[in-house]
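Heads up, the thing below is written out as structure tokens.
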Amino acid sequence: MSLGTFLIMRHELLLIAAALLVLIAEIFWNEDKRRYISLFSVILFGIITIAGFLPSTAGTLFGGMYVTSATTVLMKNILNIGALLVFIQSVPWLKKKENSEKTSEYFLLLLSTLAGMNYMISAGHFLMFYIGIELATIPIAALAAFDSYKNKSAEAGIKLILSSALSSGILLYGLSMIYGTTGTLYFKEVAELFGNTSLQILGFIFFFAGMAFKISIVPFHLWTADVYEGSPVSVTSYLSVISKGAAVFILIILLFTVFPAIISTWQKTIYVTSVLTMTIGNLFAIRQQNIKRFLAFSSISQAGYILLGFIGGNQLGMASVIYYLLVYIFSNLGAFGVVIAISNATGKENIDDYNGLYHTNPSLSLIMTLALFSLAGIPPVAGFFGKFFLFTAAAEKGYYLLVLIAVLNTIISLYYYLLVVKAMFINKGETPVEKFKSDFFTKLALAICVAGIVVTGFASIIFEAIKNLSFGV
Amino acid sequence: MDILTLFVVIPVLTITGILFLKDTRQVRLVSAFGMGIQLILAGVLVFAYLSARNAGNTEEMLFIKDYLWFKSLNIHYAVGVDGISVAMIGLTSIVVFAGIFASWEVEFLTKEFFISLILLATGVFGFFISIDLFTMFLFYEVAVIPMYLLIGIWGSGPKEYSAMKLTLMLMGGSAILLVGLLGIYFNSAPGGTQLTFNILEISKVSIPIAAQRLFFPLTFLGFGVLGALFPFHTWSPDGHASAPTAVSMLHAGVLMKLGGYGAFRVAIFLLPEGAKELSWIFIILTSISVVYGAFGAIAQKDLKYINAYSSVSHCGLVLFAVLMMNKTAMNGAILQMISHGLMTALFFALIGMLYGRTHTRMISEMGGLMKVIPFLSVCYVIAGLASLGLPGLSGFVAEMTIFVGAFQHPELFYRIVTILAVSSIVITAVYILRVVAILLLGPTTNEHHEHLTDAKWFEKISVVTLIGSVAAIGLAPFWLSSMIGTSLQPIVDRIVALNPF
Amino acid sequence: MINFNYTIWIPLLPFLMFLFLGLAGHKYFPKLSGILGTCGLGIITLLSYITAYKYFFLSEKIDGAYQKITAVNTVWLQLTDKLHIDMGILLDPISVMMLVVITTVSLMVHIYSLGYMKGEKGFERFFAFLSLFSFSMLGLVLATNIFQMYIFWELVGVSSFLLIGFYYQKPSAVRASKKAFIVTRFADLGFLIGILILSFNTGTFDFITLTDPSGTAIAQGGGIAFLGLSVMTWSMIFVFMGGIGKSAMFPFHIWLPDAMEGPTPVSALIHAATMVVAGVYLVARMFPIYSLSAPVALEVVGYVGAFSSLFAAVIACTQTDIKRVLAYSTMSQIGYMMLALGVSGYGGHEGLGYMASMFHLFTHAMFKALLFLGAGSIIHAVHTNHMTEMGGLRKYLPITHLTFLIACLTIAGIPPLSGFFSKDEILAAAFHSNKLLFAVEYVVAGLTAFYMFRLYFSIFWGKETHYHHTPHEAPATMTIPLIILAIGSVFSGFIPFNELVTSDGKGFETELELIVAIPSVLIGLFGIVIAFIMYKKESAIPDKMAATFKYSYKWAFNKFYMDEVYLFVTKKIIFRYISQPVAWFDRHIVDATMNGIASVTQSVSLRIRGFQSGQLQKYGFVFISGAILLAILFIYLWK
Amino acid sequence: MSTGIPVQYFLILATIMFFTGVYGFLTRRNLITILMSVELILNSVNINFLAFNRYLYPHKLEGMFFSLFVIAVAAAEAAVAIAIIINIYRRFSTINVEDASEMKY
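Residue numbers (this note's numbering), protein chains in the order written: chain A, 6 to 478; chain B, 601 to 1101; chain C, 3 to 641; chain D, -12 to 92.
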């Protein structure tokens, strides 16, 4: 075993190296140079993202605790793209006076969580998985409380850290039962030894509850809205896209590779929770006034749709989930990008504040509309394709009723997305958001998002590539 | 680039062109130019189609182009036309062309208006050329969504409410439809070969009867919502009443036809046995639509509401005829779609022009306009006469084909409901004449209306195009009817093979 | 064979004239359009006469019977494999006869209108509409198939609508035109249903196939029964419903009196001579089916005709508007024709009623057009429709007076004027087959003579009325048609209809049956005498009579309240009890359900907001209990 | 295999601890106490892992190591949590969990 074999851990190593570099820069650079930390971090991370696409080999490390394959690399790359967008989007926010002191902390924490997620995805053992998931969670709580002078931010932080501690506890409790009944924590071995006993199902349900917490599946979602609302917008966007995405990735890997023995149980679980998730998420989203809270509930219902890809346990399902997440990253970050831009420029975060936005800031409104349509699944943007594939995956296994429920739910979601569109285009604003110029970073991020929203759907090659790397139960 | 794809590309190019323009006048001109080309292209297509047929080409679909899109799901971008789609494309280009001129005076956000309008048209054209269920569905939704903005921004009255209702109900329909389409897809290869979305390929296999029973109602209902099937028609009065002129024209004239066309092309064609078994349910619903819409129209006070209810009645007739599942009735259904498309567009155009002058749509507030604005009034009378099925105009041809066809149904029940549907022609006459009498004839009641100006040049272009088409079909229906009839033959053969009457 | 291809121009020319005048007339030659239209019609009239001559005297007869000649026929619309709507020209005795009638009367009306309508606003529009009407009516009578007939049937309906409502700024005219259209439209619904049933059972629209007495259509249709009657009977009753509407038979007659709101030439052309007899023509056209395959339907025709003629005659006795009197008289006379058809049999002497009906149609067209044009001339002179405001006009309007008198004598059935002959044939036919109907016709004959001379005496004799302007005779354009039609009324009785127009095309012998004829002349004279006594001089008798029969007079004067019944049905029942509830139901039930779904969603959304309480511990509780519930669900219930 | 205390006892203890922790999490108002309750839950998990390892699968040490890591992670978690609690105290002047509920519905 040479040092070269560690190269298969490229993603994680690069992230850790980057984190260290940022830390070093923070320590050794003087005041003047520190201004460039965000630019430095973004460029660094851009390089990492690009490097992630270099061809890599599959393999295992640490006696099977770390496993990597083309699929996991793909997942990590998707997360990297999303995280890069978040990085770019947060630059203007970090330039504000109150945040300039903490710029490097922000990047440092984000990079660590990303490393945690990558480890989680590449886990071959529950210990690695656990460490990854905690590494991905704890720093985020700190980030949620980043706006230390805001009540809401502190509240978000405490809600996140305590809820996630509870969920980790439950997850671990479930895990301990799995360990108790199988005697191993290696994914492969668990998969072989897993039976269908009550204790194992109990363990699985507890474990699932812990995972569901991360994806914010109903009824484990209650923290989501509050934390999303309280956190700084950039953190919210990161939470709603990257954290959720990573959890979805690992959950689908676990369900497909570790728990195929109890497929009928988890299919039912998914069935129930996905119906609950989309419906409850939508019902709450209807009434929201705060755009972040609104997007929080929207993201909950999106999670419900994503579960439709899980349910069949088929290759198409996995492909559609991954694909949908890619689309979701672009769409949701597009929406958040606009929210961030407006929040930075004016501090306004309510839907009412968007009244008449089109007349002052047409391009931002158009991007928002595009993003929302993509989230709602309106063609010809990518969200339509994503949803279509998810539904197809569920229908392939005959879950027509579930698909029907899901598509009817999309109508509710269309309703509230249109409310925002209506605010921007139709409503007359008494004090509309003033016309403002976005800086380079915002424009760049939004441009990437728009390109993603438009291209990802039509370019069938993307879906086909994902499909080839996916697998079924 | 094949000729059919051009129907999507030209609107997209027009939109792109408009995007870079600042001046309202140029925006209008570019729109009119683009849609003019589209109209010419439609003419070329009709000509090409007919000459190909005359040359002995007996394929079901012509000008087929097929590009693999999503390999793993076997989704193709596949286009092709038969006589029915050609006719519908012709209809669409006429109505869109007329619609552009009818909205010549849109002043508020002109650029955005024309972009949305043409985007809508893109969806419609795409829908009619598609022979792949996926692309068809995609275009279908593309056509529906711009409606929200068009009504919400440029509409009148309770526009936001109407726009939302219309969008949600139509999307609700398409949601149900999606399940139906997926069901068809996953049953498209009972022999274990590759699943397909291609209509022509699916039509060659027979989907298991249990699946047909399940998915026929979903598919039909999904399209039916757009075709204003009772009781899912309530978006129509509100939507039409609030929509700006050109949007009403396009929506009632073309978009509602998507429902009928889809019900026919997908629900009936691909699921004939299910259709046969369950048609009675929908026959009852559509019969209700036909009579109920007409009665509803009598009691209305707003011109657009009258026309909206009338559309419910007429579009109900389309679905009604489609469900009769014989060649003549289906031929009538297609004719009715075209005819209703043209005349309802004409109606809405005229209502818009009247509204632009009188600033009211309440019939009680107008009267005796014939004397003041004879051109528009005469056109209105012609539209009314077309609507009530006067021979020599298109409505008659379509309705008679439907009635005769429907009455050929071997079962007594269907013939009796046909008689019920036939009775709608009287009710139609009642509400049309009521409006004509109050609105146009008699002394001029409102002194503010005594100095209105008659139609302007662009309004005349819009109206004359439509009246010309209505009259052309009405006077010489044979070529259109036979073009549709030839295309219907394979469909009918398939239905007859499966359900020998 | 004689070439009849040119007949295509007979309907086509008026159509082109319509388009020409309608599109261009308004702008370029408003004054000239009258002349143009009249010239066009003159050409057609000439063509029609040529056709009649060629058909009746030159064409080949087989077995002594006139053949049905399809001069032109082309498929207009293919419906099913068997059913197709054709557009064509069918020449047979009745269509050729109608051709002559229509073109003659139409030409007269055109010429008359040149004077009558001079200076009216919309002069060119008037002639455009007249051309449209001529086109439609000619298309109707020349139809080769029942669907073509239906098409033109609708077109005459709409031209009638347009012409009744010619004075579109007059609310009463608008109402009348609307009423005419809707009532006939309702009747046409029956026609259409009849066509549907007929075509479903016979598989053809074609008249020649349908009415071939030895063909399959007639043989087939009688067999299938539905609700006790054969399908053929049903379809024929429905078809006849169309006829009832167009010919203003009871109970669809209510539009005809109101239709008098139109310009008088229009009333003469459409509502007296041509369009209103379309119903008779329709029954005659389908006669073999009625006679051979649907005798019950034929009886219905007879009784409806008889009742209508009596009904209308009674009302006519009480009306004061001269055009309305004439309208009811028209209805009554058409009732005669219907009755004649109803009592007729098929073939040979059996078909006397058929022949008589056509004969009466022909003569009636002449004298009724004459009456209307005369009335128009009177109205032109005194500017009123009410005979109470007239009197002693014989001095001012000599030509009108004379022609009007001829017409009155003709309609009263005084020999040797044409009305005598045609009416006599009808009475003879009824006498031989149905004594009840025969009796009714005698009464009607007397009533007819009475009310016509009531009209005549009130207008031209009676009290001397003072007029604002001294009435003067109409210009030559108006009097010449009167004279021509008067000549026609006098002499058309001598046309040998029994040789030319018969049910099976073969001629047969008729003789004057004195036992029928003498009483009928007497009863006519009796009616005239009564009218003479009551109205020759101003007298109190009419008022006394009215007082004596107070209630029956009132009923008759109010047209037996038929209008009110209709008003009740349309306004109250259809509008208030169907349409408004439907509209209400749609808004408040159907739409409310849809909106209800939305508001339920909203309220559910509001109800469940308590879950998101903001309390961390409650979140934790939901979390734990959710996990435990799921566990229980899957371990104990669904395992 | 050591005799003595049967494995069930450990499991029962762990279960009781777990639910005590949950109960504490749901009922205590003080944020610090809630944090302690979480620690209880995590420790019950540790007991589970250790007991299973020792009694059922004594030839491998996975359970042992897992609990070590759980302890370490719990410490990190507590550090962050306490930092945030301090911030809460600064902002709200209380560490009562019920007061930190500005955002709801």
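The beta carbon of each residue, even a glycine, is placed where N, CA and C say it ideally should be.
Beta-carbon to beta-carbon, Met771 of chain B and Ile416 of chain A are separated by about 5 Å, close enough to satisfy the 8 Å threshold.
Inter-residue distance for Val695 of chain B and Met736 of chain B is about 20 Å (C-alpha atoms, whole angstroms).
Listed in chain order, the non-local C-beta contacts of Gly217 of chain C below 8 Å within the same chain comprise Thr211, local neighbours out to five positions each way being set aside.
In summary, the residues of the region 627 to 640 of chain C whose CB is separated from some CB of chain A by less than 7 Å are Gly628, Ala629, Leu632, Ala633, Phe636, Ile637 and Trp640, in the order they occur in the chain. Residue state for Met564 of chain C is assigned as helix, using DSSP reduced to three classes.
The beta carbon of Ile664 of chain B lies closer than 6 Å to those of Gly680 in the same chain, with the five residues before and after it left out. Listed in chain order, the positions of the region 593 to 615 of chain C with a beta carbon within less than 7 Å of a beta carbon of chain D are Arg611, Gln614 and Ser615. Counted as a single uninterrupted DSSP element, the beta strand (DSSP E) harbouring Trp78 of chain C occupies residues Ile71 to Gln80.
In this structure, DSSP gives Phe441 of chain A a state outside helix and strand, which the three-state scheme calls coil. Distances from the CA of Ala945 of chain B to each of B:Ile973, B:Leu1020, B:Ile898 and B:Ser1062 were compared; the closest alpha carbon is that of B:Ser1062. Nearest Cα to Asp682 of chain B within the set B:Val912, B:Ala652 and B:Ala698: B:Ala652. Using a Cβ-Cβ cut-off of 8 Å, Gln171 of chain C counts as an interface residue toward chain B, since at least one Cβ of chain B sits closer than that to its own. Taking a contact to require three or more Cβ pairs closer than 8 Å, the region 72 to 79 of chain A and the region 424 to 439 of chain A do not qualify as touching. Setting aside the 5 residues that flank it on each side, Thr76 of chain C is surrounded in the same chain by Asp88, Met89 and Gly90, each with a C-beta closer than 7 Å to its C-beta; the list follows chain order. The C-beta distance from Ile525 of chain C to Gly421 of chain C rounds to 13 Å, too long to meet the 8 Å contact threshold.
In chain C, no part has a C-beta under 9 Å from the C-beta of Glu26 of chain D; the shortest such distance is about 15 Å. Residue pairing by DSSP places His86 of chain C opposite C:Gln80 in a beta bridge. Listed along the chain, the chain C residues whose CB falls inside 7 Å of the CB of Glu49 of chain D amount to none; the nearest CB is some 24 Å away. Counting along the chain, no alpha helix (DSSP H) covers Phe58 of chain C, and no H or E run does either.
Interface annotation, Gly215 of chain A: not in contact with chain D, CB-CB separation never under 8 Å.
Take the alpha-carbon of Leu92 of chain C and the one of Gln335 of chain C: they are about 27 Å apart. Taking all protein chains in view, the Cβ of Trp228 of chain A is crowded by 16 or more other Cβ atoms within 10 Å, so the residue is classified as buried.
DSSP, read as helix, strand or coil, puts Met125 of chain A in helix.
In the DSSP annotation of this structure, the continuous segment of the beta strand (DSSP E) that includes His676 of chain B starts and ends at Ile675 to Val681. Within the same chain, and ignoring the five residues on either side of Asn295 of chain A in sequence, the residues whose Cβ sits closer than 7 Å to its Cβ are Glu234, Glu354 and Asn355. Identification of residues in the region 17 to 46 of chain D having a C-beta nearer than 7 Å to some C-beta of chain C yields an empty set.
When CB distances to chain B are screened at a threshold of 7 Å, the residues of the region 153 to 183 of chain C falling below it are Ile153, Glu156, Leu157, Val160, Gly167, Tyr170, Gln171, Pro173, Val176, Lys180 and Phe183, in chain order.
Under DSSP, Asp323 of chain C shares a beta bridge with C:His388. Thr735 of chain B: not part of any beta strand (DSSP E); member of the alpha helix (DSSP H) spanning Leu733 to Val744, first to last residue. At least 8 Å separates the CB of Ala24 of chain A from every CB of chain D. Contact check for Thr1028 of chain B against Gly989 of chain B passes: the beta carbons are separated by less than 8 Å. Each residue's CA atom was taken as its position, placing Ile784 of chain B and Met1083 of chain B some 28 Å apart. Shown here is that no member of the region 302 to 321 of chain C has a Cβ falling below 8 Å from a Cβ of chain B. With contacts defined as CB atoms closer than 8 Å, Val627 of chain B and Ile637 of chain B fail to qualify as a contacting pair. DSSP places Asp37 of chain A in the uninterrupted alpha helix (DSSP H) bounded by Glu36 to Arg39. Between Ala230 of chain A and Arg292 of chain A, the CB-CB gap reaches or exceeds 8 Å.
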